[in-house]
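Structure first, commentary second.
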Amino acid sequence: MRILIFNTRVPFVRGGAETLEKGLMIALKNYGHESDIIRIMENHGASYYYLLKMIMQVRLMEIEDYPINIDRVIALKFPSYYVKHHNKVVWFLHHYRQFYDLWNTEFGPPINDETLAIREIIIKSDTEALKKSKKVFAISKTVAERLKKYNNIDAEVLYPPVEDGKNFYCESYEDYIFFPSRLSPIKRHELAIKAMRFVKAPVRLIIAGGVEDESYLERLKSLILKYNLQNKVEILQNLSKRQILELYSRALAVVFPSFQEDYGYITIEAMYSKKAVVTCNDSGGPIEFVENNVNGFIVEPKEKAIAEAICQLYVNKNKAIKMGERGYEKILSLDINWGKVVDKLCYE
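Under full-length UniProt numbering, the residue at position 346 of the sequence shown is numbered 346, and the numbers go up by one with no gaps.
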């Protein structure tokens, strides 16, 4: 089958969406399909009117009349699903969230006549485009619930596998908590850093991730200095995949307090590494996998609550080990694999 993937891309930024795209391309080829990809450039620095231009750009693409037959289109991020094709499915990663679940939050746009009008256009247009798809899959229950709430669309949950899942391993349980995530305010690194003020145990927090916003990185560094946490918190950058795997393997646990995460590869990677996960009750995707006091902790998004969970894991390392083992058993039992994904996206 000849399959064309549609996605968007922010230049020089790599996160979960890019990981998923790469994995899907490889999987399609491994299962005998001919595949290619078209990416629409996304400009984070542009005005919100740029979103409407992106929609128009995709709508104008005439792929039905392309001289080479395209058997199926798989659309991923907004606004890729606006492309017209008779055999299009959507593996929905997330909305343009500032106009959906992040509206009227600290992570959303200012509310004024302009943004209200753009929001109305995007929600109405998204709903129409998605309903014209042959089928809509969502990467998590969290994302599927948003689709139902805002667009009245029923989506089947189709979890993405992690990249190189078999390469994760557990070496030991050392005295640090690992937080591997791109540096973005919505991941709430500040919450984790502030929590370390209340961790009296000799445990460090290691943060590792690409920088999306240099000003946010400087904010985090200032926070560490403000609370005199230089010996408790470390920010690492430009790490290789091998180094990330090693840090996972030796961590006491993983902390991931992100706000309403769409999916959260970090949770899955931690479980493959046999590490307990500390997350929050408003973290979205991670709490689809973490069971409180079984394979991790689900706590209030408060500094002291996170600190208490970290201290519990340090004081009782056997508990940390048991939780990690249960997480590993859980992720294996879910059997999240590319064979299932390809079968669903190509033949349903």
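All C-beta atoms, glycine included, are put in the ideal place defined by N, C-alpha and C.
Just so we're clear, the structure is a prediction, and the values are computed from it rather than from any experiment.
Between residue i and residue j, is the Cβ-Cβ spacing less than 8 Å?
i: Trp91; j: Leu102; result: no
i: Ile122; j: Leu51; result: yes
i: Asn87; j: Lys134; result: yes
i: Gly285; j: Glu261; result: yes
i: Ile82; j: Ala129; result: According to the sequence displayed, residue 82 carries Tyr and not Ile. The answer is yes: Cβ separation under 8 Å.
i: Leu220; j: Ile235; result: yes
i: Ala320; j: Leu252; result: yes
i: Glu288; j: Thr105; result: no
i: Tyr263; j: Ser140; result: yes
i: Ser249; j: Cys346; result: no
Return the Cβ separation of residue i and residue j in integer angstroms, given the expectation that the two are a contact with Cβ distance under 8 Å.
i: Val290; j: Val255; result: About 11 Å; that fails the 8 Å criterion.
i: Glu21; j: Ile5; result: 7 Å
i: Met271; j: Val294; result: Their Cβ separation, rounded to whole angstroms, is 12 Å, which puts Met271 and Val294 out of contact at 8 Å.
i: Ser240; j: Glu212; result: Going by Cβ atoms, the distance from Ser240 to Glu212 rounds to 19 Å, so no, they are not a contact pair.
i: Ile193; j: Ile224; result: 6 Å
i: Tyr49; j: Phe78; result: Actually they do not touch by this definition, with Cβ atoms about 15 Å apart.
i: Phe99; j: Ile70; result: That belief does not hold up - the Cβ atoms of Phe99 and Ile70 are roughly 30 Å apart, past 8 Å.
i: Arg72; j: Val89; result: 7 Å
What's the call for residue i, buried or exposed, on a 16-neighbour Cβ count within 10 Å?
i: Leu24; result: buried
i: Leu116; result: exposed
i: Ser333; result: exposed
i: Glu300; result: exposed
i: His189; result: buried
i: Gly16; result: buried
i: Asp335; result: exposed
i: Ala159; result: Note on identity: in this sequence residue 159 is Tyr, with Ala being the wrong assignment. The residue in question, Tyr159, is buried, as its Cβ has 16 or more Cβ neighbours within 10 Å.
i: Val315; result: exposed
i: Phe168; result: buried
i: Asp126; result: buried
i: Arg242; result: exposed
Measuring straight from C-alpha to C-alpha, what distance separates residue i and residue j?
i: Ser258; j: Glu163; result: 20 Å
i: Ile153; j: Val233; result: 43 Å
i: Arg326; j: Ile177; result: 18 Å
i: Asp36; j: Lys302; result: 44 Å
i: Tyr173; j: Ala208; result: 18 Å
i: Ile63; j: Lys84; result: 7 Å
i: Gly32; j: Ile3; result: 11 Å
i: Ile310; j: Val199; result: 7 Å
i: Gly45; j: Lys274; result: 39 Å
i: Ser80; j: Gln312; result: 45 Å
i: Glu329; j: Lys187; result: 26 Å
i: Leu229; j: Arg197; result: 7 Å
Who does residue i pair with in a DSSP beta bridge?
i: Ser35; result: Ile3
i: Pro180; result: Ala208
i: Leu236; result: Ala208
i: Ala75; result: Phe6 and Val90
i: Val254; result: Phe178 and Val277
i: Ala138; result: Phe92 and Val157
i: Phe297; result: Val278
i: Gly339; result: For Gly339, which the question treats as bridged, DSSP gives no partner whatsoever.
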